[in-house]
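Going by the working numbering, the sequence shown opens with residue 683, and the numbers climb by one from there.
Here the structure comes first, spelled out in structure tokens, and everything after it is commentary.
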Amino acid sequence: MAAFLEIRNVSKSFGTGSSRVEVLKNINLTIEEGEFIAIVGFTGSGKTTLISLIAGLIEPDEGEILLKGKRISGPGPDRGVVFQNYSLLPWLSVAGNVNMAVKQVFPKMKSKERKEHVARYIEMVNLTSALHKMPSELSGGMRQRVSVARALAMDPEILLLDEPLSALDALTRGSLQIEIERIWRESKKTVMLITNDVDEGILLADRVIPLKPGPRATLGTIFPINFKRPRDKATINADENFKKERNAINSYLMELGKFRSASNKKVYHLPQIEPQLPRQKKAIV
Ligand SMILES: Nc1ncnc2c1ncn2[C@@H]1O[C@H](COP(=O)(O)OP(=O)(O)OP(=O)(O)O)[C@@H](O)[C@H]1O
Ligand SMILES: [Mg+2]
């Protein structure tokens, strides 16, 4: 049987000639249906590039990505993406944003059924009281919940979360982590979460996989996380195995980081630029 999601020898570069950067090199990963995967990585290492490749927003230079055995060749409703910057339509309410996405994916759904469907997913992210609010009236955490509800309401096969919680304060982040774990259990979706937070990866994922620093980033050692679910932060924090797991992953990342700074000997020559002062206006007498 074909794996659920298979990334095979994927490489991706941007630019041409001397400005060409090989961002990802030979990425290989197999994800099972219903799995929760966390990719942790350094800034600029190619995490968003990886998500965009799976989302079909860009194409690999080499290799291929298969979803249920079928090669990904463009965006599709089978993959729900949540980006860091919320990306809600500002002129539509919470319900309007979710409704619009549902309408695109299920054009034949009757209006009453669609309304119930939208309401169900908004309830799932605890935003029923904000159903008719506009994005500008919402906090960052609430906006991110709408993005999650919108992606889930499209009933995708896999949810791709690109650092959805990074812009949030610690408290909001903590409560949304719990919600994401619950939603994942209830919806039984496959999830790939990009995060810069090792603890978040351990709290949520079945496997934590580091993306090595770029250029030519590849995936590192896979860390399986076996804490029983539902997980809660307090219990996990007090668990000796959690501390061991966290130390192991952090040490691994630190070693990778050292390697990055040692190998990054390139000297950048900056152009001589002087600020241009505005021309003095003649005094009006
Ligand atoms: N469309 C593009 N054109 C040219 N270069 C790009 C493009 N997209 C990404 N890059 C480059 O690829 C590299 C990886 O970018 P990417 O956004 O995937 O990193 P990231 O790990 O998501 O970073 P961050 O932690 O800041 O979100 C960077 O050097 C970036 O400048
Ligand atoms: Mg990114």
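Beta carbons are placed, not taken as given, at the ideal position from N, Cα and C, and that holds for glycine.
Being a predicted model, the structure only gives us computed values, none of them experimental.
{"query": "Where do the N-terminal and C-terminal ends of the beta strand (DSSP E) with K694 fall, by residue?", "result": "687-696"}
{"query": "Which of the three DSSP states, helix, strand or coil, is assigned to L901?", "result": "strand"}
{"query": "Under the DSSP definition of a beta bridge, which residues are partnered with T712?", "result": "E688"}
{"query": "Quick one: grab the DSSP three-state call for V807.", "result": "coil"}
{"query": "Using alpha carbons as the reference points, say which of L749, D914, F724, I709 lies closest to D743.", "result": "I709"}
{"query": "DSSP three-state label for M816, please.", "result": "coil"}
{"query": "Within 10 angstroms of its Cβ, does R702 collect 16 or more other Cβ (buried), or is it exposed?", "result": "exposed"}
{"query": "Along the chain, where does the beta strand (DSSP E) containing M836 start, and where does it finish?", "result": "Run containing M836: none; DSSP gives neither H nor E here."}
{"query": "Are the beta-carbon atoms belonging to L875 and L843 less than 7 Å from one another?", "result": "yes"}
{"query": "Is N781 closer than 7 Å to L770 when the C-beta atoms are compared?", "result": "no"}
{"query": "What do you get for E937, buried or exposed, if any count of 16 or more other CB atoms within 10 angstroms of its CB means buried?", "result": "exposed"}
{"query": "On the three-state DSSP scale, how would you describe E744?", "result": "strand"}
{"query": "So what does DSSP say about F724, is it helix, strand or coil?", "result": "coil"}
{"query": "With M782 as the anchor, note down where its beta strand (DSSP E) starts and where it stops.", "result": "Unbroken run through M782 is the alpha helix (DSSP H), 776-787; no beta strand (DSSP E)."}
{"query": "Just the C-alpha distance for I968 and I904, rounded to the nearest angstrom, thanks.", "result": "As shown, the chain starts at 683 and ends at 967. That puts residue 968 outside it, with no answer to give."}
{"query": "In or out: S821 buried (at least 16 other Cβ within 10 Å) or exposed?", "result": "exposed"}
{"query": "Within 10 angstroms of its Cβ, does T872 collect 16 or more other Cβ (buried), or is it exposed?", "result": "buried"}
{"query": "Once the 5 residues before and after N932 are set aside, which same chain residues still bring their CB inside 7 Å of it?", "result": "V880"}
{"query": "Does ligand 1 have a heavy atom nearer than 6 Å to the CB of V828?", "result": "no"}
{"query": "Any chance the CB of T730 is under 6 Å from a heavy atom of ligand 1?", "result": "yes"}
{"query": "So what's L938 in DSSP terms, helix, strand or just coil?", "result": "helix"}
{"query": "Counting C-beta neighbours from all protein chains within 10 Å, is the total for N696 16 or more, i.e. buried, or is it exposed?", "result": "According to the sequence shown, residue 696 is Phe rather than Asn. Counting Cβ neighbours within 10 Å, F696 comes out exposed, since fewer than 16 surround it."}
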